[in-house]
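Below: one structure, written as structure tokens.
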Amino acid sequence: MEREYIRGLTEMVVERTKRHDTAMADLLEENRRLERLIAQKEDALLLEKEKAEKVAEKRIEPAENETEKMMKLHLKIKELEDENRRLTKTKMADELKLYRAMVKEKDERIRKQEMEIQRQKNEMEEYRNKSVEMRDVEKELKGDVMYEKSFLMHQTRLSPERSIRNNKGNMINIDGLFNVKMAKQKRLGKAKTSIKTVKENNKNVESKKVESILKKENKSYFKDLSFGNSSPIFDRKYMKGFK
Numbered sequence: 001m002e003r004e005y006i007r008g009l010t011e012m013v014v015e016r017t018k019r020h021d022t023a024m025a026d027l028l029e030e031n032r033r034l035e036r037l038i039a040q041k042e043d044a045l046l047l048e049k050e051k052a053e054k055v056a057e058k059r060i061e062p063a064e065n066e067t068e069k070m071m072k073l074h075l076k077i078k079e080l081e082d083e084n085r086r087l088t089k090t091k092m093a094d095e096l097k098l099y100r101a102m103v104k105e106k107d108e109r110i111r112k113q114e115m116e117i118q119r120q121k122n123e124m125e126e127y128r129n130k131s132v133e134m135r136d137v138e139k140e141l142k143g144d145v146m147y148e149k150s151f152l153m154h155q156t157r158l159s160p161e162r163s164i165r166n167n168k169g170n171m172i173n174i175d176g177l178f179n180v181k182m183a184k185q186k187r188l189g190k191a192k193t194s195i196k197t198v199k200e201n202n203k204n205v206e207s208k209k210v211e212s213i214l215k216k217e218n219k220s221y222f223k224d225l226s227f228g229n230s231s232p233i234f235d236r237k238y239m240k241g242f243k
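Residues 1 to 243, numbered by my numbering, are exactly what the sequence shown covers, in order.
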């Protein structure tokens, strides 16, 4: 899922880059079109100027009646030159504005793309952190330690506290030996415990039989703290419940 998400982000960035390149190509094409148009205008002005100069050269005569015409022609030429300079300045100003606008637009697009890429990187990093955190939690949950269910064995000698030791070395009160139906569940690093119901099986049935015998004979055997393996409690048929 993480690879698909990264692949989708990569495809989106590539698609946006393609659109950006297409837009830049369109802007350059429009700029070339404007340059051709301005060049055509300049050629037309130069042609008109040349025609005016030729007409002026043909009509220049040393007569007074021609002086006014010449002045008009010079004025016309001056007007054309002024118009040419104005168009040139306008062209340069327009080109400068156009390039500035293009650069500004490009910078803005790059800034937005960088912000978007950074946001996507942050989302990816956050997603990776969450994935690592979830994996750590899963490992921690899998590493939870539960007390294993174990069957308790009688000692050959009953202690004065009326307790016995199980196969883990823990001292257990014998009064509750055959009445255990719940198990404690311990979590790593925490003191919190939970109760788990222990299912009864054939061994529990045998343990209940032993419990019944113990209850019947406890008056005679619990008073003697030094009884040995000869006690009926440790008869083989009753020990089967602890194996």
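Positions of the beta carbon are idealized from the N, C-alpha and C atoms, including for glycine.
The model shown is predicted, which means the values in this text are computed figures rather than measured ones.
| If we count Cβ pairs, one from each stretch, closer than 8 Å, do we get three or more for the stretch 35 to 43 versus the stretch 103 to 112? | no
| said: Report the CB separation of Q113 from R16 in whole angstroms; it is logged as a contact under 8 Å. | reply: 6 Å
| query | Three or more C-beta pairs closer than 8 Å, one from the stretch 44 to 55 and one from the stretch 81 to 91: is that the case here? | reply | yes
| said: I need the straight-line Cα distance from N122 to D21, nearest angstrom please. | reply: 26 Å
| message | Rounding to the nearest angstrom, what Cα-Cα distance links E4 and I110 in this structure? | response | 25 Å
| How big is the Cα-Cα spacing for Q120 and M12? | 11 Å
| CA-to-CA distance, K51 to A25, given in whole angstroms | 39 Å
| query | Leaving out the 5 sequence neighbours to the left and right, which residues in its chain are closer than 7 Å to L27 when beta-carbon positions are compared? | reply | M102
| Proximity below 7 Å, CB of K91 to CB of I38 | yes
| said: Rounding to the nearest angstrom, what Cα-Cα distance links V132 and I117 in this structure? | reply: 22 Å
| said: Quick check on the burial criterion: 16 or more other C-beta atoms within 10 angstroms. Buried or exposed for T10? | reply: exposed
| field | Nearest-angstrom Cβ-Cβ length linking N31 and L80, presumed shorter than 8 Å | value | With a Cβ gap of about 27 Å, N31 and L80 do not count as contacting.
| request: Pull up the distance between the alpha-carbon of L75 and that of E53, whole angstroms please. | output: 12 Å
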